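Okay, so here's the structure we're looking at.
Numbering (my numbering), first residue to last: 15 to 177.
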């Protein structure tokens, strides 16, 4: 029963944006159902919600913006960088690039959604030389820092107790 509830939550979220889950590739339709489920299961409701919101506002409903690779890439970027992403800058910079151009850049970088994630980070950063609002590429490939941060904090606490 748990899986069915999950599907209803996802469907309701998709429909709240005026979109439909469908098998037809058409404006307003999302065909990559397993990707929606993947994002929900791995990153949670809030990330799925922000992923849909950013895709809709960035590419204004371009039918190709709801591909599996783009949705997974946007979710990955959101989960890695979180609040460091300024949604307005994302829409302005990443939205200035067509899905077709982003796809070309992604394929030059690496296969799959990580190529798209890299292309999104590069586009988001633009030609900015300062570190303010900059997303660092290496962070995409770091293990979940929170897991290791907790372990490091514990080790540091234990070391400070010994000293």
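In this text, a Cβ means the ideal position worked out from N, Cα and C, and glycines have one as well. This one's a predicted model, so the numbers in the text were calculated from it and none came from an experiment.
Rounded straight-line distance, which links the Cα of residue j to that of residue i
{"i": "residue 150", "j": "residue 115", "result": "21 Å"}
{"i": "residue 29", "j": "residue 51", "result": "15 Å"}
{"i": "residue 138", "j": "residue 31", "result": "24 Å"}
{"i": "residue 54", "j": "residue 40", "result": "23 Å"}
{"i": "residue 125", "j": "residue 136", "result": "16 Å"}
{"i": "residue 23", "j": "residue 38", "result": "21 Å"}
{"i": "residue 168", "j": "residue 121", "result": "Bear in mind that the predicted position of residue 168 carries a pLDDT of just 43, short of 50, making it too unreliable to give a figure here."}
{"i": "residue 143", "j": "residue 18", "result": "47 Å"}
{"i": "residue 27", "j": "residue 94", "result": "22 Å"}
{"i": "residue 34", "j": "residue 25", "result": "8 Å"}
{"i": "residue 156", "j": "residue 96", "result": "14 Å"}
{"i": "residue 152", "j": "residue 117", "result": "21 Å"}
Beta-carbon spacing of residue i, residue j below 7 Å
{"i": "residue 61", "j": "residue 87", "result": "no"}
{"i": "residue 140", "j": "residue 107", "result": "yes"}
{"i": "residue 82", "j": "residue 119", "result": "no"}
{"i": "residue 127", "j": "residue 105", "result": "no"}
Cβ shell of residue i (< 6 Å), same chain only, five flanking positions each side left out
{"i": "residue 84", "result": "130"}
{"i": "residue 80", "result": "44"}
Rounded Cβ spacing between residue i and residue j (contact assumed at less than 8 Å)
{"i": "residue 101", "j": "residue 68", "result": "6 Å"}
{"i": "residue 103", "j": "residue 92", "result": "Wrong, their Cβ atoms sit about 14 Å apart, outside the cutoff."}
{"i": "residue 78", "j": "residue 113", "result": "4 Å"}
{"i": "residue 109", "j": "residue 73", "result": "6 Å"}
Environment of residue i [buried if 16+ CB atoms lie within 10 Å]
{"i": "residue 132", "result": "buried"}
{"i": "residue 146", "result": "exposed"}
Chain-order list of residues whose beta-carbon lies under 7 Å from that of residue i (same chain, five-residue window excluded)
{"i": "residue 123", "result": "129, 132 and 133"}
{"i": "residue 57", "result": "89 and 93"}
{"i": "residue 64", "result": "92"}
Cβ neighbours of residue i in the same chain (closer than 8 Å, five flanking residues each side left out)
{"i": "residue 21", "result": "51"}
{"i": "residue 36", "result": "43, 44 and 45"}
{"i": "residue 148", "result": "139 and 142"}
Residue i beta carbon near the ligand ATP (any heavy atom closer than 6 Å)
{"i": "residue 141", "result": "With respect to small molecules bound, the structure shown includes none, and the ligand ATP cannot be examined in it."}
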